Amino acid sequence: MRTLSTEVPAQVGQSVQVKGWVNSRRDHGGLIFIDLRDHKGIVQLVVHPETAEAFKLAEEIRDEFVLAATGTVTEREEGLKNPNIETGSVEIKVNELSILNRSEPLPIQIFSETQSNEELRLKYRYLDLRRPKMQYMLTKRDEMYARMRSYMNENQFVEVTTPILANSSPEGARDFLIPSRVHPGKFYALPQAPQQFKQLLMVGGIPRYYQLAACFRDEDPRADRLYGEFYQLDLEMSFVEDGEEVRTTMEPLVKQLVTDFAGKKLLQDDIPRLPYVEAMEKYGTDKPDLRFGMELVELTDELKDTEFGVFKNAECVKAICVKGASSLSRSQIDQFTEVAKSEGAGGLAYLTFEGREIKSPIAKFLKESELKAIADKTGAADGDVVFFGADTRKVVNKVLGRLRNEFAEHFGLKDPDVIALAWIVDFPFYEMDDKTNQMDFGHNPFSMPKGGLDALNTEDKLSIVADQYDMVMNGYEVCSGAVRNHNPEVMYKVFGALGYDEAYVEEKFGAMLGAFKYGAPPHAGCAFGVDRMFMVLMGEDNIREIVAFPKNGSGVDVMMGSPSVVEEAQLKELHIKPTEED
RNA sequence: GGGCUCGUAGUGAAGAGGCCUAUCACGCCUCCCUGUCACGGAGGAGAUCGCCGGUUCGAAUCCGGUCGGGCCCGCCA
14 MRTLSTEVPA QVGQSVQVKG WVNSRRDHGG LIFIDLRDHK GIVQLVVHPE TAEAFKLAEE
74 IRDEFVLAAT GTVTEREEGL KNPNIETGSV EIKVNELSIL NRSEPLPIQI FSETQSNEEL
134 RLKYRYLDLR RPKMQYMLTK RDEMYARMRS YMNENQFVEV TTPILANSSP EGARDFLIPS
194 RVHPGKFYAL PQAPQQFKQL LMVGGIPRYY QLAACFRDED PRADRLYGEF YQLDLEMSFV
254 EDGEEVRTTM EPLVKQLVTD FAGKKLLQDD IPRLPYVEAM EKYGTDKPDL RFGMELVELT
314 DELKDTEFGV FKNAECVKAI CVKGASSLSR SQIDQFTEVA KSEGAGGLAY LTFEGREIKS
374 PIAKFLKESE LKAIADKTGA ADGDVVFFGA DTRKVVNKVL GRLRNEFAEH FGLKDPDVIA
434 LAWIVDFPFY EMDDKTNQMD FGHNPFSMPK GGLDALNTED KLSIVADQYD MVMNGYEVCS
494 GAVRNHNPEV MYKVFGALGY DEAYVEEKFG AMLGAFKYGA PPHAGCAFGV DRMFMVLMGE
554 DNIREIVAFP KNGSGVDVMM GSPSVVEEAQ LKELHIKPTE ED
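Numbered per the numbering used here, the first sequence spans residues 14 to 595.
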């Protein structure tokens, strides 16, 4: 395929035909310049009045018309060259011109620094995709897929496609249900992930499986989470009993994507393993951004005898030391206080370290020894501010974890050229739901509890950890995996602890349980969220920026108008009756 | 389901009780222009300020509601 930027300059003196869109037209009355654009670049066409037919057409041309032009590639005279475009040393003197298609004025601004709002861009996505950035995202994503596929193949993984028409699963996200004409009253579901199928592939004797898999979840979207559908690099390995083997197998790919592919620096070559509990205590979250420190410092013991009621009565007191934050104005601190409150804090206490003095509304409530202990443990120095969280441990971690991010953002501590990776390991198998006071699965029920049957029989249920691991990239969860439970007995026990009987487990996971009875090999795997990982690698903070046709923040495709109402006849055929309120 | 926030010509912004008969830039239309490159010049059209209601002598501006967008919580790996 001919491309304007790469081929034209090499063809000086030759007659060429070029096709593309009109990027801009400059009509000098007796001479018309046209910047013609294709997916690779721009070249200047010159139309002279001597070529009367072409000139007449050129006068009608407007932005984004589609042209075919034939002419001679000519070296531009000195002084007429344009160093700003790749082809700026040449131009095409046109002798034949045809308008392949016309264009109305565009409803969005494509080629300006100020871009139109997202709603309009999504409505006219086919125009938005003409922007160089969007072109780049699509081709770059193709390159990422190619790298992933070749890496997986080099490592003896086999891509197997699994069903899109699958079954509703009781755990996890809400399903998209698919009715069927031939099965009245019954429904397929779009898979939330190929989880059960890939485990069944292990039983089926596939040693290493992978798939760039479409996954579907009917949950509310976020800036880093697409509505409805997204893609995973999903993989599973048989005869693996230690998650470490999965992690080390996939690390070279991720490192290659960070460095060669995205051109970023790895913060650490050795990717750290961080136990869940440690992540929560140090960073207040299970997906910490490790590009900066600002760790949460435990002060509960140091302040247990304080006279300051807020600290004294709290289950947990922690602090973060923000370097140089004494420059913050009162109103800026108020804004951070609002953030803290939005996460459940009662307020935001702080100490400002200026010279030898400690300035703070709360300093008068604290003894000299307590202030010293705070300074020592947080390492606060001149110019720093120590912010406190005092509440239940859960709330303190949540509030300070959020503030840690906000402060890092405010003080520019998130280096866009650096990628910090970590594996979060040892997630709790069960968790207590605050509201219902009921125990539930911490992650997914298919993971193997560390210690197996013994652990389930003997230990305090809430202390059991799953052999389960997430990869975190600059504060985003980009991968989740586990050593799977391949033992029917453990399976019954795992659900039994939550009060589900064997009949329930058999009803919901019959195929998998059945399969496990016929010599299931131990297996483990994981799945990378490729949309989100690509977003982080590209330095974007909105996942819709890197997807061709995303739903908007309300789950609507404003371009195609989906979802939409359907004909009553279609519903009837599917044995579906609209309810009264519809 | 909840919280915060935004909505002004085709597009992006300004205006924050009377100076608004709403300003600017890009785009659009007409005319002029043979070396521009986001060409230049002259002129022109285009907005019931998301919608409904209220306060006021007077509302783009204040208040209430409503619709739509964005971010977050819940939810979600």
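Ideal placement from N, C-alpha and C gives every residue a C-beta, glycine not left out. All figures in this text were calculated on a predicted structure; none of them were measured in a lab.
Asked	Found
For Asp141 and Met147, which I take to be in contact (beta-carbon distance under 8 angstroms), what is that distance rounded to the nearest angstrom?	6 angstroms
To the nearest angstrom, report how far apart Thr262 and Leu58 are at their CA atoms.	53 angstroms
Nearest by alpha-carbon distance to Gln169: which of Gly465, Leu587, Leu80 and Leu248 is it?	Leu248
Can you check DSSP and say which residues form a bridge with Asp237?	Its beta-bridge partners do not exist; DSSP assigns none.
Roughly how many angstroms lie between the CA atoms of Gly455 and Asn498, to the nearest whole one?	15 angstroms
Take Asp302 as the anchor and find which of Glu258, Asp273, Asp282 and Ile437 has the nearest alpha-carbon.	Ile437
Determine whether the beta carbon atoms of Ala82 and Val107 lie at a separation below 7 angstroms.	yes
If we count the other Cβ atoms within 10 Å of its Cβ and call it buried at 16 or more, is Ser567 buried or exposed?	exposed
Would the segment 459 to 478 count as touching the segment 322 to 334 if we require 3 or more Cβ pairs under 8 angstroms?	no
Using beta-carbon positions only, say whether Leu384 and Ile333 come within less than 7 angstroms of one another.	no
In angstroms with no decimal places, state the Cα-to-Cα distance between Ser129 and Gln122.	6 angstroms
Have a look at Met484, Tyr513 and Gly512 and flag the residue whose alpha-carbon is nearest the alpha-carbon of Gly256.	Met484
Check whether the Cβ atoms of Glu104 and Arg89 lie closer than 7 angstroms to each other.	yes
Looking only at C-alpha atoms, which of Arg160, Lys411 and Ala510 sits nearest to Glu444?	Ala510
Excluding the 5 residues preceding and the 5 following Leu190 in the sequence, name in chain order all residues of the same chain whose CB lies nearer than 7 angstroms to its CB.	Ser181, Phe200 and Ala202
For the alpha helix (DSSP H) containing Ser355, name the first residue and the last one.	Arg343 to Ser355
Pick out whichever of Arg75, Glu184 and Asp76 has its Cα sitting closest to the Cα of Pro458.	Glu184
When the Cα atoms are used, what is the spatial distance from Ala533 to Gln208?	15 angstroms
Go through the segment 14 to 73 residue by residue and report every complete run of the alpha helix (DSSP H) that reaches 4 residues or more, in order.	17 to 20 and 65 to 73
Only counting runs of 3 or more residues, tell me where the beta strand (DSSP E) segments fall wholly within the segment 256 to 336, in order along the chain.	286 to 288 and 329 to 335
Using beta-carbon positions only, say whether Pro591 and Glu254 come within less than 7 angstroms of one another.	no
Does the separation of the CB atoms of Glu77 and Val35 fall below 7 angstroms?	yes
Thinking C-beta only, is Leu246 closer than 7 angstroms to Phe541?	yes
May I ask you to report which of helix, strand or coil DSSP gives Met573?	coil
Bridge partners of Ile3, per DSSP?	Look at the range of the chain in this structure, 14 to 595, and you will see that residue 3 is not part of it.
Ignore the nearest five residues each way along the sequence and tell me which others in Gln583's own chain have a CB closer than 7 angstroms to its CB.	none
On the three-state DSSP scale, how would you describe Val549?	helix
Give the DSSP bridge partners of Thr85, in chain order.	Ser28 and Lys106
Measuring from the CB of Arg75, is there a heavy atom of the ligand HEM at a distance below 6 angstroms?	You won't find the ligand HEM in this model; it holds no ligand whatsoever.
In the DSSP assignment, find the alpha helix (DSSP H) that holds Ala516 and state where it starts and stops.	Glu515 to Phe529
Measuring straight from C-alpha to C-alpha, what distance separates Met551 and Ala275?	7 angstroms
Helix, strand or coil for Phe378, going by three-state DSSP, please let me know.	helix
Return the chain-ordered list of same chain residues with a C-beta closer than 7 angstroms to the C-beta of Phe440, the five sequence neighbours on each side being excluded.	Tyr289, Gly455, His456, Val478, Ala479 and Gln481
Are the CB atoms of Leu341 and Val330 nearer to each other than 7 angstroms?	no
Count the other CB atoms within 10 Å of the CB of Ile177; is the residue buried (16 or more) or exposed (fewer)?	exposed
Give the single residue among Thr85, Met461, Val86 and Gly101 whose Cα lies nearest to the Cα of Gly92.	Gly101
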